[in-house]
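This report refers to the structure that appears directly beneath it.
Following this line, the structure appears as structure tokens:
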């Protein structure tokens, strides 16, 4: 599930639809998608209530969805820290004004008056920083009145009644003008100080996800709320020990034959967070004990029951923390609360604070070694702070999480995009042959045709919710770029999403990824959406779930088989060619021991490896012989490989990529 802050409102309805058809075995997401993934995993864990009269996990998820969609409940989850509250209020008001302006301009033809009126409204949003705005306004107004009065008295020392009236009017106008300038400057300087001072000290976020310790009593905010809801969906005490990845792994699903399937993980949950200090993403839960945390610092980001559980992780055999009280290793999957991973992945830049974890400096292993162990003593000298931010920075749509060469069960993706308001036609209820009602359609000119294949047109591609067929033509969404802001926005979006988007266009991927298109007033950072927009998002989620319920797994397996064998065949032919020339790998296997290569192997191992390669190359040779025979018996076949001919397009590429 893809990230997108409030766009995540689309997921509960989609999950509720899918839950009627499937059990959730493997669940992944990034950012807001990570929050949805954690809720889905908890709901699956608690699908069958322990109390026969109680509600199951997905029944509770339906209630949660209703709560999120009511009034300003969603907005209430995001509470700024006291030090950043003024900046938060101004940015929230600017976002609301931009959303309203986009809606107005999409319905009427813009002209200079409306454009300048919109700019003035955006400037006046600074009044949300009330103290600085009015203090600056009063100071500027007083200065304006004083200056205007002095100037007019010196220019017109003896004035008649008409001149006096004009002078008074000039004084008032000057006072008002400088008052407005003063208000803007006063508020602007205050907000600048917050952005450059308080925001970095708050770990580069307006909200920590928890209540400010100095703030008055208020409802639970994001992290506390999410922690309690995860436990509730799982059928656990909302304030008790948290649901962990280990709990999910030990859960046996009822549809399995013979219990839990021989110890195989029952619910596999994964998320991505971005380590800005390492400039790379990490998959959560971490596979190794790489990171540490400071207990008191972590209490700023997580409720007490989460931190308490994390402090009971098993100790490292190589590193001693006895001289660093309050410093602990992040637990492995068995003991890691899933809300911890979700919060790391959801750390949207500037909105939610980055979460600090720590790594051990390489120098500490050199100077703190005592026998076979490293004894850490000084946090400032031995530890490095690593800031974890939103997983969507590095991978916003991790459709690759659970992929196998040949799938044994369906895996689905929900892709979210935002397009300008003018891209959408008027709302029209349309029922498709798939039995799905889609309320909005997009203009055909908002898409590009970039493929030469033409297996037939699919009129459904203009729906705001669309699940393409495996052989549908590729039609990337097209957005006009006119302004500097749109240009840099497109640069960021391309850098962030280009790998995920190109992968999602491949056959055997695009037929299992439902595309949900939002207008720019829906989802994203629009925290204060009205009920009509929220209901539109939920409606799209429901439609997406219904489409995926009609997914044909046999069709997908067939296309995936063709895609894999086409690429595998091509690479095997290249392997046979490369193994022999121009630098024979046979010599490398025979003489490698004497050359001192890294990852050394014994002579016996190398001889066995050579025998296995000879077996593989013989098989590839027979494969090529069959290709020659097939081509000769089928006139017009040409030079195409067996699986290449009339295969799915565009072709994929088998390559080795790092496991993050």
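Residue numbers (my numbering): 98 to 757. The beta-carbon is built from N, C-alpha and C at its ideal position, and this holds for glycine as well.
Task: Same chain only: Cβ atoms within 7 Å of residue 606, ignoring 5 sequence neighbours per side - done: By the criterion of a C-beta distance shorter than 7 Å, residue 606 is surrounded in its chain by 496 and 600, once the five residues flanking it on both sides are discounted.
Open item on the list: Taking a contact to mean a Cβ-Cβ separation below 8 Å, would you say residue 492 touches residue 597 in this structure?
Closed with: The answer is yes: Cβ separation under 8 Å.
Task: Among 670, 106, 744 and 473, nearest to residue 604 - alpha-carbon criterion - done: That would be 744, whose Cα lies nearest to the Cα of residue 604.
Open item on the list: According to DSSP, simplified to helix, strand and coil, what is residue 756?
Closed with: When DSSP states are grouped into helix, strand and coil, residue 756 belongs to the coil group.
TODO: Determine the direct distance from the alpha carbon of residue 192 to that of residue 296, and round the result to whole angstroms.
DONE: Those two C-alpha atoms are separated by around 19 Å.
- [ ] Tell me whether residue 411 is buried or exposed, calling it buried when 16 or more other Cβ atoms sit within 10 Å of its Cβ.
- [x] Counting the other CB atoms within 10 Å of its CB gives residue 411 a total below 16, which places it among the exposed residues.
Task: residue 751 in three-state terms, based on DSSP - done: DSSP places residue 751 in coil when its eight states are reduced to three.
Open item on the list: Within 10 Å of its beta-carbon, does residue 751 have 16 or more other beta-carbons around it, so buried, or fewer, so exposed?
Closed with: Burial call: exposed.
Task: For residue 462, the three-state DSSP class (helix, strand or coil) - done: DSSP, reduced to helix, strand and coil, places residue 462 within a helical segment of the structure shown.
- [ ] With distances taken Cα to Cα, identify the nearest neighbour of residue 439 among 137, 754, 113 and 753.
- [x] Closest option to residue 439, Cα to Cα, is 137.
Task: Beta-carbon contacts of residue 144 that lie in its chain and below 7 Å, excluding the five residues immediately before and after - done: In chain order, 153, 154 and 155 place their CB closer than 7 Å to the CB of residue 144, counting only its own chain and leaving out the 5 sequence neighbours on each side.
Task: Spatial distance of residue 460 from residue 479 (CA atoms) - done: Those two C-alpha atoms are separated by around 8 Å.
Open item on the list: Quick check: what's the CA-CA separation for residue 501 versus residue 672?
Closed with: When rounded, the distance between both Cα atoms is 22 Å.
- [ ] Per DSSP, which residues does residue 454 bridge with? Please list them.
- [x] For residue 454, which the question treats as bridged, DSSP gives the partners 483.
Open item on the list: Which of the three DSSP states is assigned to residue 320 in this structure?
Closed with: DSSP, reduced to helix, strand and coil, places residue 320 within a helical segment of the structure shown.
Task: Outcome for residue 767 when other beta-carbon atoms lying within 10 angstroms are tallied against a minimum of 16 - done: The chain is shown only over 98 to 757; residue 767 falls outside these bounds and no answer can be derived.
TODO: Keeping to the same chain, check which residues put their C-beta closer than 6 Å to that of residue 389; ignore five residues upstream and five downstream.
DONE: Excluding sequence neighbours, residue 389 sits near 424, 426 and 455.
- [ ] Kindly list the residues whose CB is nearer than 6 Å to the CB of residue 729, restricted to its own chain and excluding five residues on each side of it in sequence; keep chain order.
- [x] Apart from the 5 residues on each side of it in sequence, residue 729 has no Cβ closer than 6 Å to any other Cβ in its chain.
- [ ] Could you tell me which of 157, 637 and 281 sits nearest to residue 332, measuring between CA atoms?
- [x] Considering only alpha carbons, the answer is 157.
Task: Backbone secondary structure at residue 498 - three-state DSSP - done: Here residue 498 sits in coil by DSSP.
- [ ] Could you tell me whether the stretch 498 to 517 touches the stretch 562 to 576, where touching means 3 or more Cβ pairs closer than 8 Å?
- [x] Flag = yes, the stretch 498 to 517 and the stretch 562 to 576 touch.
Task: Euclidean distance between Cα positions of residue 368 and residue 406 - done: Using only the alpha carbons, I get a separation of about 20 Å.
Task: residue 294 to residue 394 span [Cα, whole Å] - done: If you draw a straight line from the Cα of residue 294 to the Cα of residue 394, it comes to about 19 Å.
Task: Cβ neighbours of residue 428 in the same chain (closer than 6 Å, five flanking residues each side left out) - done: For residue 428, where only same-chain residues beyond five positions count, the Cβ hits under 6 Å are 407 and 410.
TODO: Please list, in chain order, all residues of the same chain as residue 754 whose beta carbon is under 8 Å from its beta carbon, the five residues on each side excluded.
DONE: The beta carbon of residue 754 sits closer than 8 Å to no other beta carbon from its chain once the five residues preceding and following it are set aside.
Open item on the list: Quick check on residue 653: buried or exposed, where buried means 16 or more other Cβ atoms within 10 Å of its Cβ?
Closed with: Looking at its Cβ environment, which holds 16 or more other Cβ atoms inside 10 Å, residue 653 is buried.
TODO: Would you check if the distance between the CB atom of residue 142 and the CB atom of residue 340 is smaller than 8 Å?
DONE: The answer is yes: Cβ separation under 8 Å.
Open item on the list: Along the chain, where does the alpha helix (DSSP H) containing residue 568 start, and where does it finish?
Closed with: First-last for residue 568: undefined, no H or E at that position.
- [ ] If I'm right that residue 443 touches residue 132 with Cβ under 8 Å, what's the distance once you round it to whole angstroms?
- [x] Residue 443 to residue 132, Cβ: 6 Å. Contact.
- [ ] List the whole-angstrom C-beta distance separating residue 487 from residue 371, where the pair is believed to meet the contact cut-off of C-beta under 8 Å.
- [x] With a contact defined as Cβ atoms closer than 8 Å, residue 487 and residue 371 qualify at about 6 Å.
- [ ] Report yes or no: do the stretch 618 to 625 and the stretch 168 to 176 share at least 3 C-beta pairs separated by less than 8 Å?
- [x] Output reads yes: the stretch 168 to 176 touches the stretch 618 to 625.
Open item on the list: Beta-carbon within less than 6 Å of residue 707's beta-carbon, same chain only, minus the 5 sequence neighbours each way: which residues are those?
Closed with: Excluding its 5 nearest sequence neighbours in each direction, residue 707 has C-beta neighbours in its own chain below 6 Å: 686, listed in chain order.
Open item on the list: Is the separation between the beta-carbon of residue 181 and that of residue 319 shorter than 8 Å?
Closed with: For residue 181 and residue 319, no; Cβs fall outside 8 Å.
Open item on the list: Buried or exposed, going by whether 16 or more other CB atoms sit within 10 Å of the CB of residue 619?
Closed with: Buried, by the Cβ-count rule.
Task: Bridge-paired residues (DSSP) for residue 379 - done: Residue 379 is bridged by DSSP to 370.
TODO: Helix, strand or coil for residue 330, going by three-state DSSP, please let me know.
DONE: Helix.
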